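First up is the structure itself, then whatever we jot down about it.
This is the structure we're talking about:
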């Protein structure tokens, strides 16, 4: 018998002894958490600002300029992005000819791994929305926006549309269909990378980005 | 769990109690963690309902465990993740080694995994010529010092920053001595970034595995988990077989309970859901993802309907943060992978209740652990049950080593006690003796000494309660 079958048979052997009826989970405590759009945005901002996330407000048309201004202001030498999304194309269109470089992440990581780790100052991604209850951005990296785009560069710029803020993670799972068919990688990000492993003292920027900047549309 | 070391809980806990630095470090950390958790549950009604939900989800998942494991395997396989099974930690380690050797992997980075601690994986891999580097900052610190985690969430909590500063300045190449937490963190970042870049494989634990969707969920703050699982070409995840959850929706409340209970965070920095390796058209992510499902005594625990609740644990560590015993002796004194109240019920069931019979007694039964447990595990009841299992071979018991800690002397004492209580004349005589001769007994007499070492010798009344009642003419005494 394989290990698998032995383990499962061992677990099944306990079956005849089971008397307890399976309890039915009552999700109302999660489901009843609802806020109006203004409150949703306020809660998200409060939750994420508390863990050092920065917010830049922008309009639906001028957000690429807000990104450009930020990169110029912070004197970042470059910005890595996914060139094939609608937002990626809008960003490329607004990018100045002179100054910081806009680097497309459009090739296998193996071809530029060291450059990615050592040469990229910031990464730009879209999001699928946010979570009002706790703060947090929802991302589904993939072919258009690779997984390491939001992780390796020291600054992560994320585009969030205020109308895409869900009440809870529970609701987001349902609305995004992650409860049925999640993407190969799905992420919730609530702030820059942090640790409290040394004497419970909070320190930001341990392995992932040191700064998370939300471009709020 | 690692049984090769000489286990002596009395000696290790006595040593820990005598270390004022250790006690200061734990007191400070536990006070902070308790306050942070309390601030996260300001509404008792919400806490009660959310915890009832968490407990119901875990209980339901455990009842369906064999089916859910099969469904998990089916859906992971469909998603391109390969599943392996191991009854013992040795088999699990061997499986990991085979996967690494088959791909010529020489350097591995690890995200935090308590199951890998059960397996003693770092030592095993290093013995086979593979570098296995912890990347969680706390785990990295203790690995530099060759220590074990003293807490399941904050492995280096027993150290203060001076101690960590010394370790870094001695063990990291070209490091200068600094006690600045930000600088220490930056040093670890610099070393580990290079390691992520060069690693041939990444290892991680699993917080929840979703059966319906074939998803591995990882909770973390540092980003080292994402680095370990997404940068190297091979990702191997390790999990105990109890970690399976049926539906994705069920993960939401469990995740909320976990982060709030563990570190007093509304949400962790990262929640990473992995449902497959690098897909067609993807530029990064691991080429292969494997999951090793470990039993290591869990299916035995599963046989017992009461003790099965041990497996509901979501590893938040709140029970240890609130435990007066853990706070005073720290994690290492337990001489086990899982310390604190959860360890005191888990370790004896895995290693044998005869071998680790002292652990269920490492509790004042104050009940704080059970009160804060986010999935309502009746820890105190299980502690008492295991105390009984240690000294009695109960009929139908499936507990490993049941009855092995039975002592002839203890049996004798109890039978004499029972006989005395069952015979009124003997009882009267013994209480007469006790009240008259107690004061003649020196405080440092054998047995009594254990009590009087740090306390005054109790004073006995001149006459027993029974005598006084009779003196007052009360009937029926």
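Chains as they are written, first to last, in our numbering: chain A, 25 to 241; chain B, 586 to 1062.
Beta carbons are placed, not taken as given, at the ideal position from N, Cα and C, and that holds for glycine.
Computed from a predicted model, the values in this text were never measured in an experiment.
Contact between the region 170–184 of chain A and the region 872–889 of chain B is absent: fewer than three C-beta pairs spanning the two stretches fall below 8 Å. According to the DSSP assignment, residue 941 (chain B) belongs to no beta strand (DSSP E), since it is labelled neither H nor E. Listed along chain A, the residues sitting closer than 8 Å to residue 766 (chain B) by beta-carbon distance are 222, 223, 225, 227. With a 10 Å radius around the Cβ and a threshold of 16 neighbouring Cβ atoms, residue 218 (chain A) comes out buried. Collapsing the DSSP output to three states places residue 129 (chain A) in coil.
Contact annotation: residue 646 (chain B) and residue 830 (chain B) have beta-carbon atoms nearer than 8 Å. Here residue 950 (chain B) is not near residue 979 (chain B), since their CB atoms are 8 Å or more apart. Between the beta-carbon of residue 82 (chain A) and that of residue 226 (chain A) there is about 29 Å, and that puts the pair past the 8 Å contact cut. Residue 658 (chain B) counts as buried, since no fewer than 16 other beta carbons sit within 10 angstroms of its beta carbon.
Each of A:120, A:69, A:194, A:31 was checked against the Cα of residue 185 (chain A), and the nearest Cα belongs to A:69. With 16 or more other Cβ atoms from the protein chains shown falling within 10 Å of its own Cβ, residue 838 (chain B) counts as buried.
Taking the C-beta atoms as reference points, residue 945 (chain B) is found nearer than 8 Å to residue 971 (chain B). Cβ-Cβ distances below 8 Å link residue 25 (chain A) to 33 in the same chain, with the five nearest sequence neighbours on each side left out; the list follows chain order. Residue pairing of residue 213 (chain A) in beta bridges, as defined by DSSP: A:161, B:855. A direct Cα-Cα distance of roughly 11 Å separates residue 229 (chain A) from residue 772 (chain B). Non-local beta-carbon contacts of residue 1015 (chain B) in its own chain, meaning distances under 8 Å to residues more than five positions away in sequence, involve 1005 in chain order.
According to the DSSP assignment, residue 235 (chain A) belongs to the beta strand (DSSP E) that extends over 235–240. Proximity of residue 855 (chain B) to chain A, defined by a Cβ-Cβ separation below 8 Å, is satisfied. Looking at A:103, A:94, A:121, A:157, the one whose alpha-carbon comes closest to that of residue 625 (chain B) is A:157.
Here residue 802 (chain B) carries a strand assignment [DSSP, helix/strand/coil]. Under the three-state reduction of DSSP, residue 704 (chain B) is assigned to helix. For chain A, the residues of the region 817–839 of chain B that bring a beta carbon within less than 9 Å of one of its beta carbons are 818, 826, 832, 833, 834, 835, 836, 837, 838, in chain order. Identification of residues in the region 736–750 of chain B having a C-beta nearer than 7 Å to some C-beta of chain A yields 739, 741, 745, 746, 749, given in sequence order. Going by DSSP, residue 815 (chain B) is part of the alpha helix (DSSP H) stretching over 809–815. Less than 8 Å divides the Cβ of residue 88 (chain A) from the Cβ of residue 118 (chain A). Residues of chain B whose Cβ lies closer than 7 Å to the Cβ of residue 197 (chain A) are, in chain order, 833, 834, 837. By the Cβ neighbour-count rule, residue 999 (chain B) is exposed, with fewer than 16 other Cβ atoms within 10 Å of its own. Using a Cβ-Cβ cut-off of 8 Å, residue 209 (chain A) is close to 815, 857, 858, 859, 860, 861, 870 of chain B, given in chain order. The C-beta of residue 202 (chain A) comes closer than 8 Å to at least one C-beta of chain B. Assignment of beta strand (DSSP E) within the region 812–893 of chain B, counting only whole runs of 3 or more residues, yields 819–825, 855–859, 873–879 in chain order.
Scanning the region 929–995 of chain B for uninterrupted alpha helix (DSSP H) segments of 4 residues or longer gives 953–957, 964–976, listed from N- to C-terminal end.
Remark: C-beta atoms of residue 932 (chain B) and residue 923 (chain B) approach each other more closely than 8 Å. Assignment of residue 717 (chain B) by DSSP, reduced to helix, strand and coil, places it in the strand class. In the DSSP assignment, residue 103 (chain A) falls within the beta strand (DSSP E) that extends over 102–105. Per DSSP, reduced to three states, the secondary structure at residue 141 (chain A) is helical.
Per the C-alpha coordinates, the member of B:711, B:728, B:648 positioned closest to residue 678 (chain B) is B:711.
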